[in-house]
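Residue numbers (our numbering), protein chains in the order written: chain Z, 1 to 167; chain V, 1 to 265.
Backbone N, C-alpha and C fix where the C-beta goes; we use that ideal spot for every residue, glycine too.
Because the structure is a prediction, the values reported are computed rather than measured.
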Ligand SMILES: Cc1cc2nc3c(=O)[nH]c(=O)nc-3n(C[C@H](O)[C@H](O)[C@H](O)COP(=O)(O)OP(=O)(O)OC[C@H]3O[C@@H](n4cnc5c(N)ncnc54)[C@H](O)[C@@H]3O)c2cc1C
Ligand code: FES
Ligand code: FES
């Protein structure tokens, strides 16, 4: 069986996989990192989004063997070891950006990539377009958009309009 | 997915060797089309030959009046590349509208071109811009390369290595997206440049991307949105399905052509 060596959330793993094993299967079934979800398995819903070399990608549409040498971050890799949440996670909680939570790991991972790719901040329209690859069946997206705007302000060191309004 | 073996060659020569030794082996680039198809068991390759480790397939550069795009250039790279944004902003914008961020972070121009999905964006751009597709063994004009829905002039085991795009004076693109899949229902790319005035359509045709000669003649005579507004497309040439009838798509092509000329300025 092929072997793949990759770094997941800072830890190096060498795992035996089948050539047809998907990255999301490696993460969930071999490494037991079940925060990355499978919603559609047809590359459309974004529940499986993780970061590979800093870019958001769909882990259901990548073979594990394609990740040789890659550096992967999953939702489990965001919070600090002491449990302090990443600003994006904190904002999702603060702004009630989830209901059932199924889409949330993928949303958070996509949102962080989106903010990182827009160092000068984002408009609401850019946030909505940036979420094209993530489907949520519960929230209607409004609070997700608000959470991302607020987290972007925190991540980029601005005082948040939204935070001010909420005060 | 059925079982297959996996290879990751470091050169085009090695990839071609692997593919010619086994006619049932398939290349994989971004996998954004191939992996969903394999999951549906639509095909059963014996082996996947991963092109992503081949340095000579990477990169985007300007070479005089031509933009050369390596087959492995991701949609995200095409959308954000400074040379493309300066020379062919319509192509950069097109790339930014493909699928979603995660698809653009993996999918490649070479994979899209080789696949020639009738709703894919790039084939219309390459036809309209008069691009040349370089393979491991020859050069083909876009007109020769795209031979109909999901069909190209590539031989079994032949690889797209780069796409050469002459820089136009003006180019513009407009598309109507399917509200669910976001794939093109009708997209039109117009260009005026070294290859003349050319207009190509994706998403709408019954047999894949195609050029629209009447629109080209109209724009040759008068480069303005009004010039194409009067050109009616024949519904018999169009695809009709649950997303839209052939008549609707024929109408959309004219509307998108008008907007594409507007966008070109
Ligand atoms: C959710 C979703 C939405 C999408 N929306 C759009 C859209 O709006 N517009 C659009 O245009 N596309 C869209 N796509 C398709 C996407 O653009 C793909 O990236 C592209 O069609 C294929 O590129 P790839 O690198 O992923 O190719 P792969 O999937 O790796 O390969 C595709 C085919 O080409 C062959 N191949 C790959 N590379 C080469 C090569 N260099 N030479 C010869 N053959 C090769 C493979 O064997 C395979 O048959 C979407 C995909 C998804 C999953
Ligand atoms: S599970 Fe990967 S996109 Fe839906
Ligand atoms: S919170 Fe339920 S799917 Fe998004």
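- Message: Rounding to the nearest angstrom, what Cα-Cα distance links residue 24/V and residue 175/V in this structure?
- Response: 36 angstroms
- Item | Counterpart residues of residue 197/V in DSSP-defined beta bridges | Note: residue 197/V sits in a beta bridge opposite 192/V.
- Give the residues of chain Z in contact with residue 4/V, contact being defined as C-beta atoms less than 7 angstroms apart. Those are 19 and 20, listed as they occur along chain Z.
- Roughly how many whole angstroms lie between the Cα atoms of residue 131/V and residue 88/Z? 43 angstroms
- Message: Are there any heavy atoms of ligand 2 lying less than 6 angstroms away from the beta-carbon of residue 43/Z, as far as the coordinates show?
- Response: Yes, the Cβ of residue 43/Z comes within 6 angstroms of a heavy atom of ligand 2.
- If residue 72/V and residue 107/V are in contact, beta carbons under 8 angstroms, what's the gap, nearest whole angstrom? With a Cβ gap of about 11 angstroms, residue 72/V and residue 107/V do not count as contacting.
- Message: For residue 79/V and residue 95/V, which I take to be in contact (beta-carbon distance under 8 angstroms), what is that distance rounded to the nearest angstrom?
- Response: 4 angstroms
- Please state whether DSSP places residue 164/V in a helix, a strand or coil. strand
- Buried or exposed: residue 6/Z, going by 16 or more other Cβ atoms within 10 Å of its Cβ? buried
- Complete beta strand (DSSP E) runs within the stretch 45-72 of chain Z (minimum length 3 residues, chain order): 49-52 and 55-58
- Item | Limits of the unbroken beta strand (DSSP E) element including residue 48/V | 47-50
- Would you mind reading off the limits of the alpha helix (DSSP H) that contains residue 104/V? 101-104
- Message: At a threshold of 6 angstroms, does residue 28/V count as lining ligand 1 (C-beta to nearest heavy atom)?
- Response: With a cutoff of 6 angstroms, residue 28/V counts as near ligand 1, since its C-beta is closer than that to a heavy atom of the ligand.
- Can you list the residues of chain V that residue 41/Z reaches, using a CB-CB cut of under 8 angstroms? 39
- Is it buried or exposed for residue 142/Z, if we count other Cβ within 10 angstroms and need 16 for buried? exposed
- Message: So residue 74/Z and residue 50/Z are supposed to be a Cβ contact under 8 angstroms. How far apart are they, rounded?
- Response: Cβ atoms of residue 74/Z and residue 50/Z come within 8 angstroms of each other, at about 5 angstroms.
- Message: Applying the 10 Å Cβ sphere with the 16-neighbour rule, what's the burial state of residue 144/Z?
- Response: buried
- Task: State the DSSP-derived secondary structure class of residue 266/V, mapped to helix, strand or coil.
- Result: No answer is possible for residue 266/V: it lies beyond the span of chain V, which begins at 1 and ends at 265.
- Within 10 angstroms of its Cβ, does residue 43/V collect 16 or more other Cβ (buried), or is it exposed? exposed
- Message: Less than 7 angstroms between the C-beta atoms of residue 203/V and residue 184/V, yes or no?
- Response: yes
- Item | Interface partners of residue 205/V on chain Z, CB under 9 angstroms | Neighbours of residue 205/V on chain Z: none; closest Cβ ~24 angstroms, over 9 angstroms.
- With distances taken from CA atoms, which of 108/Z, 39/Z, 80/Z and 91/Z is nearest residue 154/Z? 91/Z
- Task: Count the other C-beta atoms from every protein chain shown that fall within 10 angstroms of the C-beta of residue 40/V, then say buried if there are 16 or more, exposed otherwise.
- Result: Taking all protein chains in view, the Cβ of residue 40/V is surrounded by fewer than 16 other Cβ atoms within 10 Å, so the residue is classified as exposed.
- Task: Name the two residues that bound the continuous beta strand (DSSP E) containing residue 146/V.
- Result: Looking at the DSSP string, the run of the beta strand (DSSP E) that includes residue 146/V is 146-148.
- Item | For residue 171/V and residue 124/V, the rounded distance between their alpha carbons | 12 angstroms
- Message: For residue 140/Z, would you say it is in contact with chain V, using Cβ-to-Cβ distances shorter than 7 angstroms as the test?
- Response: no
- Could you please give the first and the last residue of the uninterrupted beta strand (DSSP E) stretch that includes residue 61/V? 60-63
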